[in-house]
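Input: a single structure, listed below in structure tokens.
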Amino acid sequence: MKVNKITDNVYCFNVDIRTTEFFEGIWPIPDGVSLNFYVVKGEKTALIDLFADWDAASEGIEKAFASIDTGFSEIDYLILNHIEPDHTGWLMKFREKNPGVEIISTKKGIDMVKSFYKIDTGVRAVKDGETLDLGNGKILTFFKIPNVHWPETMATWDASSATLFSCDAFGSYGALGEKVFDDQLDEKEHAFFEAESLRYYSNILASFSAPVERAVQKFAGLEIKCVAPSHGIVWRKDPQKIIDRYMKYASWTKGPAEKKIAVIWGSMYGNTKAGMEAVVRGIEKEGIPYTLHRVPDENVSYILAAAYRSSGLVIAMPTYENAVFPPMAYMLDIFRHKHIFGKIALRIGSAGWGGGAQREYYAILENLKWDSIDSFEWQGYPTEEEFAVLEERGRELAQRVKNS
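So the sequence shown is residues 3 to 406, counted in this note's numbering.
Shown next as structure tokens:
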């Protein structure tokens, strides 16, 4: 566990989680993820958010508190911006070590503390815009930002340091190592965290993009010198960069996104693969960048990020037992769940012995709000005439993306 000073009497505590487990039980984190929580000291002391004891995250916490001349019993307030267990899993242990701490959250947050952790004493629900005076000029203000990404979520702002403690908002995957702040990272490291912030957003927050936009609008009147999320980089040099990035991501739910095409494909015996390659040849002739993603080989987390940032999609899949190829059916359901809307899409595939995927695919499209180019199916290996049609469909898709 590491402790870094943000400003006088404001500290970031950081634990890097490196595990083969999945984030939220779904999303791979091969490069780890950070759990960040914070201490603000005035005459009284507030701990902002907690952590789950994941990958032995609690080791060293007493020593970490001691490094800023604080012990468990000296923490007066525990502010919970978000009750999801990766931020509150250690709550019962913390309460055992400090039974007198007052737990502060939104009303819904306190209701969750009661239902999740059976704690109903020493709790206080705060309203939107309510303040907490810690003394010595440290005044915290609470802002409700519901559905970023649970309904109880809030953010906490320290006026004296102009630090916004945003919990899941403005976060990313990726362990931080010894570099916690944005001004400590080189260009390559920033590129890594930009990719991981997109993957994090598409996996965790894409379906809550409208609440993200409302939250950013609520913060617009604040002086923000530092954005301090609970996962990922602490932004003390250029906090507006991550805010603008999130607003860009949020806009992609409505489309268009970047002028790119994500080619998502699955093939049983190579027939659909051959057709997909013809589509790609058409895309290449129009000069539009594209990425290739095979299901089920590539994890849905990465495909989701690529699809989210792309204005165009190719869905290439065969019919499987008169229905959509099952790995693609799962992918499309994730797209629906995460609101991957506003795309220009082309579906192609081998029809097997009798088709069926086409019909099911069009039913799925009703929930995705995609602008769909006419699908194309064939039986067996494509003929030269069918290859020509596929290539032309690829060109059409690329042209539509180019003009989006």
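C-beta atoms are modelled at their ideal positions from N, C-alpha and C, and glycine is treated no differently.
DSSP, read as helix, strand or coil, puts I141 in strand. Annotation: the stretch 217-301 contains the following complete segments of the beta strand (DSSP E) (minimum length 3 residues), in chain order: 228-231, 260-267, 292-296. With a minimum length of 3 residues, the unbroken runs of beta strand (DSSP E) contained wholly in the stretch 11-52 fall at 12-19, 35-43, 47-50.
Boundaries cannot be given for M3, as no alpha helix (DSSP H) includes it and DSSP labels it neither H nor E. Between W92 and S117, the C-beta spacing is not below 7 Å. In the DSSP assignment, W159 forms a beta bridge with T143, L166.
Residue state for L348 is assigned as strand, using DSSP reduced to three classes. When the alpha-carbon of I31 is set against those of A197, K7, E98, the nearest one is in A197. A residue is called buried when at least 16 other Cβ atoms come within 10 angstroms of its Cβ; T22 does not meet this threshold and is exposed.
For G176, the secondary structure class from DSSP, reduced to helix, strand or coil, is strand. In the three-state scheme derived from DSSP, where H, G and I count as helix and E and B as strand, V391 is classed as helix.
R395 is positioned such that its CB atom lies closer than 7 Å to that of L348. Using a Cβ distance threshold of 7 Å, N273 and S209 do not count as a contacting pair. For F210, no alpha helix (DSSP H) encloses it, and the DSSP letter there is neither H nor E. Listed in chain order, the non-local C-beta contacts of T143 below 6 Å within the same chain comprise T133, W159, local neighbours out to five positions each way being set aside. In the structure shown, the three-state DSSP call for T385 is coil.
Around the CB of I147, 16 or more other CB atoms lie within 10 Å, so the residue is classed as buried. As for any beta strand (DSSP E) of minimum length 3 sitting wholly inside the stretch 66-148, the runs are 79-81, 104-107, 125-127, 133-137, 140-146, ordered along the chain. Using a C-beta cut-off of 8 Å, the stretch 99-118 makes no contact with the stretch 168-178, since fewer than three inter-stretch Cβ pairs fall below that distance. Under DSSP, D373 takes part in a beta bridge, and its partners are I346. Under DSSP, L315 takes part in a beta bridge, and its partners are A264, A347. Residue environment for G179: exposed (fewer than 16 other C-beta atoms within 10 angstroms of its C-beta). In the structure shown, V403 falls within a helical segment according to DSSP collapsed to helix, strand and coil. In this structure, Y292 and I263 form a Cβ contact; the two beta carbons are roughly 4 Å apart against a cut-off of 8 Å. Where S199 is concerned, the enclosing alpha helix (DSSP H) starts and stops at 189-202. The closest CA to that of S75, considering only T90, F53, G62, K46, is found on K46. Annotation for F337: the continuous alpha helix (DSSP H) segment containing it runs 328-339.
Here A359 carries a helix assignment [DSSP, helix/strand/coil]. Counting only the Cα atoms, S313 lies some 24 Å from A390. Nearest in C-alpha terms to N405, of all of K345, M270, S204, is K345. Between S163 and V12, the C-beta spacing is below 7 Å. K371 and E260 have their C-alpha atoms spaced approximately 18 Å apart. A direct Cα-to-Cα measurement between E398 and D373 gives close to 13 Å. Per the coordinates, the alpha-carbon of S253 lies some 21 Å from the alpha-carbon of A400. Taking the Cα of S211 as reference, the smallest distance to any Cα among D10, W380, H339, T9 is reached at H339.
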